[in-house]
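Here the structure is laid out as structure tokens; the discussion comes afterwards.
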Amino acid sequence: MITMKNFAAEDDPILREVAEPVQFPLSEEDEKLIEEMREFLINSQTPEIAEKYNLRPGVGVAAPQLGVSKQIFAIYLTEFDEDGNVTDVIIDEVFINPRILKHSVKKAALSEGEGCLSVPRSVPGLVPRPRRVTFEYQDIEGVFYEVKLSDYEAIVTQHEIDHLKGILFYDHINPEKPWEADDNTIVL
Ligand code: NI
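Sequential numbering of the sequence shown, starting at 62, is according to the numbering used here.
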């Protein structure tokens, strides 16, 4: 199973590479990685397991973070109660070869900033991203889908797509005024 020690260190150059497109049908290696990525996200959001294995909770993970420079990421986005137990699953999907087709000019940023499993410290500041995105991707069978997301779901997805382009969240933070939103940015 994947634990934090499987993550590439923050200064590993793989996190700054543009990841390779994935060929279909998937190799056994790719299938195994995808299964483990999904399992990791679920484990990381299951309090007893996360505590036992020292997992930082994560909503998304991208293959380059695990040392594999391929265009694959997984998202497991849930709602949970005050004990941290999952009450509803909003996105549970593996995204392969994603491509942003359209995005809004308006931007959104999370009021508390962003974090990343590859960055073992907090980097304060707003991370403005297009508020709405339309992108296409392939599922594990190679079938193409087009999805439109907004606000939190769009932010999470763009954070992961960035990993496939060698971009980290703090690249988007304004170094002079990290907590200042411009007129074009809504703070969520
Ligand atoms: Ni990340």
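From the three backbone atoms N, C-alpha and C, an ideal C-beta is built for every residue, glycine too. Remember, predicted model here, so these are calculated numbers, not experimental data.
A123 has F134 as its beta-bridge partners, per DSSP. Rounded to the nearest angstrom, the Cβ distance from P125 to E96 is 18 Å, too far for a contact under 8 Å. For V217, the enclosing alpha helix (DSSP H) begins and ends at D212 to H224. Taking the Cβ atoms as the reference, A69 lies roughly 7 Å from S179, within the contact range of under 8 Å.
Within the same chain, and ignoring the five residues on either side of K209 in sequence, the residues whose Cβ sits closer than 6 Å to its Cβ are T195. Judged by DSSP secondary structure, P159 falls within the beta strand (DSSP E) whose first and last residues are V147 to H164. Contact between N245 and V122 is absent: CB atoms are separated by about 30 Å, not below the 8 Å threshold.
I103 and L116 have their alpha carbons spaced roughly 11 Å apart.
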